[in-house]
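Some notes on the structure that comes next.
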Amino acid sequence: MYLEAVGQALRHEYKAITDAGFNLQIDSPDLAMAAHCRSVGSSIQSWDSHLPLAIDALNGALDGIPQEQVRLHVCWGNYAGPHHKDVPLRDIIEPVLKANAGTFYVEGANPRHEHEWEVFNEVALPDGKDLILGVIDVKVNAVEHPRLVAQRLTRLAEIVGRERVQAGTDCGFDTFIRFSQVDPDVVWLKLRALSEGAEMASEALWR
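Taking my numbering, the leading residue of the sequence shown gets 197, the next gets one more, and so forth.
Structure representation (structure tokens):
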């Protein structure tokens, strides 16, 4: 099957990266976006069946690679749109957490998904796994206040544990050539806000 073949082809690249001592980040937007976008190897009418197949293929590709060297980024696409067709995180998080990754990276700053930190009140983060929470919206030019960044981090840390939360952006700022949505100068301001907010959160959580 197509997904398995892709996974086995990528396995050689993943192994080369981790054998060289690097950590591997896998960006897998299909795990969320197959609900509203056509996915290669899966029918749009059966998007929910795509998820376990994709996780199985991913785990095959990661076979033998220590999970502490792997982080998995799941997102709903960094295009500026209504996103009202996005599948809820709650509907996909349990299969996603079965991936052989030590760190899971989810959106948490944009208006459609910011509230979903509450999912971790219902779904326990497995032992030995951490979370990177997107605390910066990559689709808008407004710069987050560092205090807001800190709030987003601390409320999740209070659920899953302060040692298990890291700060990130929701997605990449420039996924495609000539597809910039945020001015480059604003990107640096947003990253400064991320850094300052993460420092505030650390001070609050470790005082």
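A virtual CB, placed ideally from N, CA and C, is assigned to each residue, including glycine.
The model shown is predicted, which means the values in this text are computed figures rather than measured ones.
Within the DSSP secondary-structure output, ASP259 pairs in no beta bridge. In this chain, the beta strand (DSSP E) harbouring THR299 covers 299 to 302. When C-beta atoms of the segment 283 to 301 are compared with those of the segment 331 to 339, fewer than three pairs fall below 8 Å, so the two segments do not count as touching.
Each residue's CA atom was taken as its position, placing ILE222 and ARG267 some 6 Å apart. With contacts defined as CB atoms closer than 7 Å, VAL270 and VAL302 qualify as a contacting pair. Distance from the Cα of LYS294 is smallest, within the candidate group ALA305, GLU312, TRP313, LEU258, for LEU258. Spatial neighbours of ALA253 in its own chain (CB-CB distance under 6 Å, excluding positions within 5 residues in sequence) are listed in chain order as LEU199, GLU200, GLY203.
DSSP lists LEU329 as the bridge partner or partners of ALA363.
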